Amino acid sequence: MTATLRVSNLSKTYGSGDHAVHAVRNVTFESDAGSFITVVGPSGSGKTTLLAMVGALLQPTEGVIELDGRDVSRLSGRQQAQFRREGVGYVFQSNNLIPYLTARENLLLMRTISGKNGREGRERAEQLLDELGLTSRADAVATELSGGERQRVAIARALMNDPRVVLVDEPTASLDSERGKQVVESLVREVKGRNKLGIMVTHDMAMAEMTDRILEMRDGEMTERNRPSIPDASA
Amino acid sequence: MIGLIEIKRRKMQFALIGLIVTLIAYLVLMINGLGVGLNEQAGSALENFDADALAYSDGAGLSVIRSELGADVVERAQQVDGIDAAAPLGYVAANYRYGDGDVASAAFLGYDPGTVGEPDVVDGRPLEADDRFGLLADSAFLDNADLSVGDTVPISLRLDTIEFEIVGEIDQGNFFFQPVVYLLRDTWQELKYGPDPEEGTPIASIVLLQGDDLVGDYDGFEVVSKSVAFDNIEGVSGQQATVTALRWFGYLIGALIIGSFFYVLTLQRIVQIGVMKAIGASGLFIFSQGLMQVVTITLVGLAISVPLAGVTDWALQQLPDPVPIAFTTGTYITTSISLLFAAALGALFSARQVARVDPIIALGQQQ
Ligand SMILES: Nc1ncnc2c1ncn2[C@@H]1O[C@H](COP(=O)(O)OP(=O)(O)OP(=O)(O)O)[C@@H](O)[C@H]1O
Ligand SMILES: [Mg+2]
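Here you go:
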């Protein structure tokens, strides 16, 4: 059986000539639905670049990304947009909420851009607000939220459309460790419970330990981190 | 919708453009009101003729002033194929005196009682065949001269001054920027050509015609539709060209200002647009939100400026010297629709900018 996500020989070079930055070099890995991967690595090692390619925000310079047998690295602009709103939930490194919308409206926006404005979406928004401890802040506009609250709204937003892949870039940066742990727990629960595929970038090893597998980026190259204590779900 | 939510949450930002749109809408409404007002002054009396077409003498170049019809031509004009009714009408401009010797001029139209040339009387009574020195005066004439039905007014033409009695009030409007006054056609002929006319003296300036398919060139006269006749009133076409140019200029300014404002707004929102795209919103969705904002702001601007124009209109009517500005429901509707259109067109400037935003800016790498 083929894996849900297959990344083969993926490379990304920014710029060209003397200014070329080889942000991601020849990365290959696979992952199955229901598994949660952590990507660690020093700053500038290419973690965000990798995530952005999987999330169809960035075209790879070389290589293929297959999701459920479909090459998502070479979609047309319109297909990319559709994939981003329905196939992917992306939590950006800088949370990127729409500043003048409330927490709840930021979540519902995911439905609106998909042309769905039904009751189902409102129920899903309430459920996520509740899960992430945001119910009391649901009507506050994004600019009035604390950094941690914004981070959690961004996570809830990524989960709104029940995407196949959840990509999370430094989700716990502005959260205390207790809150961070809760957030990662709900992410893991969401991914496992709904048989999604999760990739999280973090510097926090305690968070990384909560996931199935740890991949390490270094100068754009990827290596698997040995972690005999926890069985590898994709093995 | 999120475009509307943004307006609600960022009121100050949008209030400014709302104000500008309101002022532009007001300006364009005023220009259009001026167009209607000038037209009314130029020839609402002609518009009010109970006729489908008008006959002018050959070579008069559709000028009521120059057109002169003899008895034989009037006879033929009244028998054109397809005619239902006809009435000869004479025109002459003359001065009258009022108040403490003030002199003003009016458009005198000579008609025959009982024909389609007879105006509706709103006060007093219509002219009878023996009302040789009777007048039906337009309301504007009475207002200007501070006269009323039953008063007499000295009319001077050539060297004579004759006292006329105002027997009725009419609401026929203006001709050549002067209020109209109706009198008997025989009296008109006397006013214009002197008493005891010789054989062959013109008996009318034009003939009003009712019927279908009358337009054409005939022996000694030509027949044109009422709207062609209107456009040929001296000064109308030049005046309308000016007003039309002003109007287009107004719409252009509207499109440019609204367009530039939303262009700047789009540039300010590049990151937000990038985020929207990164979470999968289509360029069309994002643009349509902006368009919705433009339309909403324009509608608000119109909702303020239309009543404002109405109030201005009312205020101008109170002035002793009437200002040639007039509004019809049509003016309000066409101006509103055209301005909405111009605003939407202006918003299109930003469409390319929206399309060009790259969603990777949501990654926030380049700071
Ligand atoms: N748009 C870009 N243009 C040019 N170079 C870029 C661009 N984006 C990233 N880079 C470079 O590519 C490399 C990888 O960047 P990336 O953001 O993927 O690293 P990262 O592992 O996410 O780092 P961090 O932990 O600081 O977020 C870095 O050297 C970075 O400077
Ligand atoms: Mg990064």
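Residue numbers (our numbering), protein chains in the order written: chain A, 65 to 299; chain B, 3 to 369. Heads up, the beta-carbon is just placed ideally off N, CA and C, and yes, glycines get one too. Quick caveat, the model's predicted, so the values are computed rather than measured.
Taking 8 Å as the limit between beta carbons, can you name the residues of its chain near residue i, skipping five residues before and five after?
{"i": "alanine 62(B)", "result": "Arg68, Ser69, Glu70"}
{"i": "methionine 65(A)", "result": "For methionine 65(A), the predicted model reports a pLDDT of 45, less than 50, meaning its position is unreliable; a value from the coordinates is still stated below. Once the five neighbours on either side are set aside, methionine 65(A) has no close Cβ partner at all."}
{"i": "glutamate 234(A)", "result": "Gln157, Val265, Thr266, His267"}
With a threshold of 7 Å, establish whether the CB of residue i neighbours any heavy atom of ligand 2.
{"i": "lysine 10(B)", "result": "no"}
{"i": "aspartate 135(A)", "result": "no"}
{"i": "glutamine 291(B)", "result": "no"}
{"i": "aspartate 233(A)", "result": "yes"}
{"i": "glutamine 215(A)", "result": "no"}
{"i": "glutamine 191(A)", "result": "no"}
{"i": "glutamine 157(A)", "result": "yes"}
Alpha carbon to alpha carbon, how far is residue j from residue i? Give it in angstroms, no decimals.
{"i": "glutamine 369(B)", "j": "aspartate 360(B)", "result": "In this prediction, glutamine 369(B) scores a pLDDT of 35, lower than 50, which makes its location untrustworthy; the coordinate-derived value is nonetheless stated afterwards. Roughly 15 Å between the two C-alpha positions."}
{"i": "isoleucine 208(B)", "j": "leucine 321(B)", "result": "35 Å"}
{"i": "serine 107(B)", "j": "proline 156(B)", "result": "11 Å"}
{"i": "alanine 237(A)", "j": "arginine 253(A)", "result": "20 Å"}
{"i": "phenylalanine 287(B)", "j": "tyrosine 265(B)", "result": "17 Å"}
{"i": "glycine 45(B)", "j": "alanine 53(B)", "result": "14 Å"}
{"i": "glycine 5(B)", "j": "phenylalanine 263(B)", "result": "15 Å"}
{"i": "proline 163(A)", "j": "threonine 330(B)", "result": "45 Å"}
{"i": "alanine 167(A)", "j": "valine 277(B)", "result": "15 Å"}
{"i": "alanine 299(A)", "j": "glutamate 94(A)", "result": "Only weak support is given to the placement of alanine 299(A): the predicted model assigns it a pLDDT of 43, under 50, and the question is left unresolved by the model."}
{"i": "isoleucine 205(B)", "j": "aspartate 323(B)", "result": "35 Å"}
{"i": "leucine 48(B)", "j": "leucine 342(B)", "result": "33 Å"}
{"i": "tryptophan 316(B)", "j": "phenylalanine 51(B)", "result": "27 Å"}
{"i": "leucine 371(B)", "j": "alanine 243(B)", "result": "What the structure shows of chain B is the stretch from 3 to 369, and residue 371(B) is not part of that stretch, so it cannot be assessed."}
{"i": "leucine 115(A)", "j": "alanine 17(B)", "result": "41 Å"}
{"i": "threonine 287(A)", "j": "methionine 264(A)", "result": "16 Å"}
{"i": "alanine 218(A)", "j": "valine 255(A)", "result": "16 Å"}
{"i": "valine 325(B)", "j": "alanine 353(B)", "result": "42 Å"}
{"i": "methionine 274(A)", "j": "valine 248(A)", "result": "8 Å"}
{"i": "aspartate 219(B)", "j": "asparagine 234(B)", "result": "16 Å"}
According to DSSP, which residues form a beta bridge with residue i?
{"i": "serine 75(A)", "result": "Glu126(A)"}
{"i": "alanine 280(B)", "result": "Bridge partners of alanine 280(B): none, in fact."}
{"i": "arginine 99(B)", "result": "Val105(B)"}
{"i": "phenylalanine 93(A)", "result": "Val71(A)"}
{"i": "glycine 213(B)", "result": "Ile85(B)"}
{"i": "threonine 277(A)", "result": "Just to set this straight, residue 277(A) is arginine in the shown sequence, not threonine. Answer is Ile101(A), bridged to arginine 277(A)."}
{"i": "serine 227(B)", "result": "Ala55(B)"}
{"i": "methionine 264(A)", "result": "Thr102(A), Val232(A)"}
{"i": "glutamate 167(B)", "result": "Gly136(B), Thr154(B)"}
Among the residues of its own chain, which have a CB less than 6 Å from the CB of residue i, if the five just before and after it don't count?
{"i": "proline 292(A)", "result": "Residue placement at proline 292(A) is flagged as unreliable, the pLDDT there being 49, under the threshold of 50; the coordinate-derived value follows with that caveat. Cβ neighbours of proline 292(A) beyond the five flanking positions: none."}
{"i": "tyrosine 334(B)", "result": "Val308"}
{"i": "valine 151(B)", "result": "Asp125, Gly126, Ile168, Glu171"}
{"i": "glutamate 195(A)", "result": "Ser250"}
{"i": "glycine 112(B)", "result": "Gly92, Leu185, Arg187, Trp190"}
Is the distance from the Cβ of residue i to the Cβ of residue j below 8 Å?
{"i": "proline 121(B)", "j": "leucine 138(B)", "result": "yes"}
{"i": "leucine 161(A)", "j": "arginine 214(A)", "result": "yes"}
{"i": "glycine 285(B)", "j": "valine 226(B)", "result": "no"}
{"i": "glycine 348(B)", "j": "isoleucine 26(B)", "result": "no"}
{"i": "alanine 280(B)", "j": "alanine 364(B)", "result": "yes"}
{"i": "aspartate 60(B)", "j": "glycine 222(B)", "result": "yes"}
{"i": "methionine 224(A)", "j": "alanine 202(A)", "result": "no"}
{"i": "leucine 129(B)", "j": "valine 169(B)", "result": "yes"}
{"i": "isoleucine 327(B)", "j": "methionine 3(B)", "result": "no"}
{"i": "isoleucine 172(B)", "j": "phenylalanine 135(B)", "result": "no"}
{"i": "alanine 222(A)", "j": "valine 230(A)", "result": "yes"}
{"i": "valine 136(A)", "j": "leucine 279(A)", "result": "no"}
{"i": "valine 94(B)", "j": "lysine 194(B)", "result": "yes"}
Report yes if the C-beta of residue i is less than 7 Å from at least one heavy atom of ligand 1; otherwise report no.
{"i": "alanine 87(A)", "result": "yes"}
{"i": "methionine 264(A)", "result": "no"}
{"i": "glycine 257(A)", "result": "no"}
{"i": "serine 107(A)", "result": "yes"}
{"i": "methionine 294(B)", "result": "no"}
{"i": "glycine 20(B)", "result": "no"}
{"i": "glycine 285(B)", "result": "no"}
{"i": "glutamine 242(B)", "result": "no"}
{"i": "methionine 117(A)", "result": "no"}
{"i": "methionine 281(A)", "result": "yes"}
Under the criterion of a Cβ to heavy atom distance below 7 Å, does residue i qualify as lining ligand 3?
{"i": "threonine 112(A)", "result": "Looking at this structure, you won't find ligand 3 anywhere; what it does contain is ligand 1 and ligand 2."}
Short of 7 Å in beta carbon distance, which residues of its chain neighbour residue i, apart from the five on each side in sequence? Order them along the chain.
{"i": "lysine 76(A)", "result": "Ala87, Val88, Thr113, Met117, Leu122, Pro124, Thr125"}
{"i": "valine 217(B)", "result": "Ala55, Val225, Val226, Ser227"}
{"i": "alanine 87(B)", "result": "Val118, Gln212"}
{"i": "asparagine 146(B)", "result": "Ala106, Pro181"}
{"i": "leucine 173(A)", "result": "Ile162, Leu165"}
So residue i contacts chain C; which residues on that side make the cut at Cβ distance below 9 Å?
{"i": "valine 277(B)", "result": "Within the model displayed, chain C is absent; protein chains A and B are what it includes."}
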